[in-house]
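Below is one structure, written out as C-alpha cells; the observations come after it.
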Amino acid sequence: MFNSFPASKRRSPLPTRNFYISHRETRAPSLRVILLQLLAKPKTVLLAVVGLLALLGWILGIGRSVDRTRTTGGVKVVARDWEERRTIKIERDGKVKPDEMILILCPMKNSIEHIWHFFHLIDSLTYPRHLIQIGVLVSDSTDRTYARALELADERQYSRPKSQRYDRISIFRKDFADEMGFSAEERNLGGKERHKFGVQVKRRKMLAVSRTWLLGAAMRPEVDWALWMDVDVVDYEKDMLQTLLGWSRKEAVDVVVPNCAWKTYNEMGSYDRNNWAETPESLEMKSHLAPDDILIEGYEADLPTHRLNMADMVPPTASTPNSMALDGVGGCTALVRASLHRKGAVFPAWPVDHQVETEGFAQLAKALGGRLLGLPKYYVYHGLYG
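This note's numbering applies: residue 8 is where the sequence shown begins, and numbers increase by one.
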C-alpha cells in the first residue's frame, strides 16, 4: 500500500557522503582549487602584483594622492597648558634628549641660488624631524624664490615617507618695499651693495618688519624654540640644535648665538658683527646720542661703537672664552626661547636703545628679563658675499 507510486515517479534518494568520496567529479570545487586556478592565469598574477605594490605604496605614503591645501588645516581645537613646566632632558652622556618643538625661521629675498642648500642643510640635522617646523617668508623678490620654496616644501611633505617628514612647513609671501617707500635702486641691492653703510638703517628696518611678520605668521602654540637662520648659511654641524639647546640649559639662558664666520679651504674670517657686549666706552658714547639715533655695527670708520664684538674673536686664541654674555645679537643663526617672543620680544623697526631689527630685539629681550649668550668658539659658516 505504501509503495503504490510507480518507480518512475519516485524521488531519487539523496546522495550519501560515500557517494561524493567515490564520485569526485560531482563535488563543487574547494576554495583552494579556485584560488589555484585563478593564480594559474597570468592576468590574475599581474593584478595581484600591482595590488600588492599599490598597498605598499599606500603604507609608505609614496605617490599617494594628497589634498595639498596650504591654508588652514583640519585641526579645529588647539590646547596647550603653559603651566605644565617643561625642561630640556639630558642623557647620561650629557647630550640633549630631543623632546621640544623647534621652529626654523628664515626671511628670504631673491634667494633662488641658496634655497636648495638651505633645505638640504636642515635635512642633515640629527634632531628628529617630527620636532622641527620650518617657516619661510619671501619678500620683494624678482626671481622664483617663492615658487621654488613651495616645490622644496612639497617634496619633503608629500613625496617622502611619513617618518622623513617635518611636523610642518609654512611658506609665505609678502612684499614691503612699496609701503616702506623704497626706490627702484634700493629694491635691487644685492651682494656687497646691500652692506654699504648708507643703506643700512632703511634696509634693517624693512628686515625687522619682515622678521616680525614671519614670526606672527608661523609661531604656533606647540613651538618651544625659534631658530632664526640666514638663507645663505653654507655649513653647520649636524647636531647644532642639540648643542645650542644644551648651552641654553647649562647656562639658564633664553637666547643662544653661535659665532657666524666665513671660510675657504685655507682661510677663515668673521661675518656677523651684530653679536656684541657693551663696554664702559660704548656706554659713555651712547649717553651723548639723541633718542632717535641708530647705531649700526661693523662700520668703525663711519660710526665707532667701542663694543666687545664676538666677531673679533675669529679665529679663536688661547684666551677666547667658550661663552660670553651678550647685549646685542645678529640673525645669521640665533636660537630664541619661544616664550620670549610671546612676551613681546619682536624685531622693532624703530630704535630701542639706539638699535633696530635683531639688535633691537636683544634690547627688548633684556627688558623682558631674557638672558643672551654667545658662543665665540662654536661656528656656523656663512657665504662670503651673502
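Ideal Cβ positions, reconstructed from N, Cα and C, are used throughout, including at glycine.
All values derive from a computational prediction rather than experimental measurement.
The alpha helix (DSSP H) runs lying completely inside the stretch 222-259 and spanning 4 residues or more are 247-258, given in chain order. For glycine 338, the CB contacts under 6 Å within the same chain, skipping 5 residues up- and downstream, are Trp235 and Thr365 in chain order.
When the beta-carbon positions are compared, glutamate 258 and threonine 250 stay at least 9 Å from each other. DSSP, reduced to helix, strand and coil, places glycine 64 within a helical segment of the structure shown.
Note on glutamine 370: 16 or more other CB atoms within 10 angstroms of its CB, so buried under the neighbour-count rule.
Counting along the chain, the unbroken alpha helix (DSSP H) around leucine 159 starts and ends at 152-165. Between the beta-carbon of asparagine 282 and that of leucine 333 there is about 6 Å, and that keeps the pair under the 8 Å contact cut. Taking C-beta separations shorter than 8 Å and ignoring five residues to either side along the sequence, the partners of histidine 389 in its chain run Asp237, Asp239, Val240, Val241, Cys267, Ala268, Trp269, Tyr278, Asp279 and Cys339, following chain order. Between the beta-carbon of methionine 292 and that of histidine 313 there is about 6 Å, and that keeps the pair under the 8 Å contact cut. In the three-state reduction of the DSSP assignment, serine 148 falls in the coil class, being assigned neither a helical nor a strand state. Taking 3 residues as the shortest admissible run, the stretch 299-344 contains the following complete beta strand (DSSP E) segments, listed from N- to C-terminal end: 340-344. In the DSSP assignment, proline 114 forms a beta bridge with Leu144.
Around tyrosine 386, the same chain offers Pro265, Asn266 and Ala268 as residues with beta carbons nearer than 7 Å, after the five sequence neighbours per side are excluded. DSSP places proline 265 within a strand segment (E or B) once states are collapsed to three. Judged by beta-carbon spacing, leucine 221 lies within the 9 Å limit of phenylalanine 179, meaning their Cβ atoms are closer than that value. In terms of Cβ geometry, glutamine 207 and isoleucine 129 do not form a close pair [threshold 9 Å].
Comparing alpha carbon positions, the residue from Asp88, Arg211 and Ile139 closest to glycine 367 is Arg211. Leucine 38 sits exposed, since fewer than 16 C-beta atoms from the chains shown fall within 10 Å of its C-beta. Taking the Cα positions, glutamate 162 is about 9 Å away from arginine 172. When the alpha-carbon of alanine 372 is set against those of His121, Thr149 and Ala352, the nearest one is in Ala352. Annotated three-state conformation of glycine 390 is coil, per DSSP. The beta carbon of methionine 213 sits closer than 6 Å to those of Phe183 and Met187, all from its chain and outside the five residues before and after it, given in chain order. Residue nearest to glutamine 362 within the set Met115, Leu62 and Asp299 is Asp299 (criterion: CA-CA distance).
Assigned with DSSP and collapsed to three states, methionine 275 falls in strand.
Contact between aspartate 174 and glutamine 140 holds: their C-beta atoms lie close to 5 Å from each other, under 8 Å.
Per DSSP, reduced to three states, the secondary structure at glycine 367 is helical. Residue environment: leucine 63 is assigned as exposed (fewer than 16 neighbouring CB atoms within 10 Å of its CB, all protein chains considered). In the three-state reduction of the DSSP assignment, lysine 102 falls in the coil class. Here glutamine 362 is bridged, per DSSP, to Val359.
Taking C-beta atoms under 8 Å as the contact rule, alanine 356 and valine 262 fail to qualify, at a distance of about 20 Å. When Gln44, Pro358 and Leu54 are compared, the shortest CA-CA separation from alanine 215 is found for Pro358.
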